[in-house]
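Engineer: Let me give you the structure first, and then I'll get to my questions.
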Amino acid sequence: MKFISSYTFRGGCLPEAAKRFLEGKATPPAGLKLLGRWHKTDSSGGFALYEADNLAAIAANSAMWTDVLDTHDQLVIEDAEMAPVLAKVFGK
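Set out below in structure tokens:
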């Protein structure tokens, strides 16, 4: 399953979060594959796209950063997966 994790920096925590990122500590835990990461140009946060087979890996990734980031994880599916769902629900 794929999910998007959006994050914002907790007040005053940008320097610590940047330090960890630059030290290579943003590597996802086992069971989680990073597909892409984007940073907001105003340095207020960003988004990452991951793939995982279990929810524990998703939770572990967010838990590693809770002291410096507010994170929100949303499961997502691609158009090819969503189209049949919409067709079934809306009869098209």
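So for the sequence shown, our numbering puts the first residue at 13; every next one is plus one.
Backbone N, C-alpha and C fix where the C-beta goes; we use that ideal spot for every residue, glycine too.
1. Below 8 Å between beta carbons: does that hold for Y62 and L47?
2. Select from A42, P27, E35 and K14 the residue whose C-alpha is nearest the C-alpha of G57.
3. I need the straight-line Cα distance from R22 to K37, nearest angstrom please.
4. DSSP has A60 in a bridge; who is on the other side?
5. Determine, using beta-carbon pairs with one atom in the segment 31-45 and one in the segment 63-76, whether at least three such pairs fall under 8 Å.
Structural biologist: Working from what's here:
1. yes
2. P27
3. 18 Å
4. S17 and R49
5. yes
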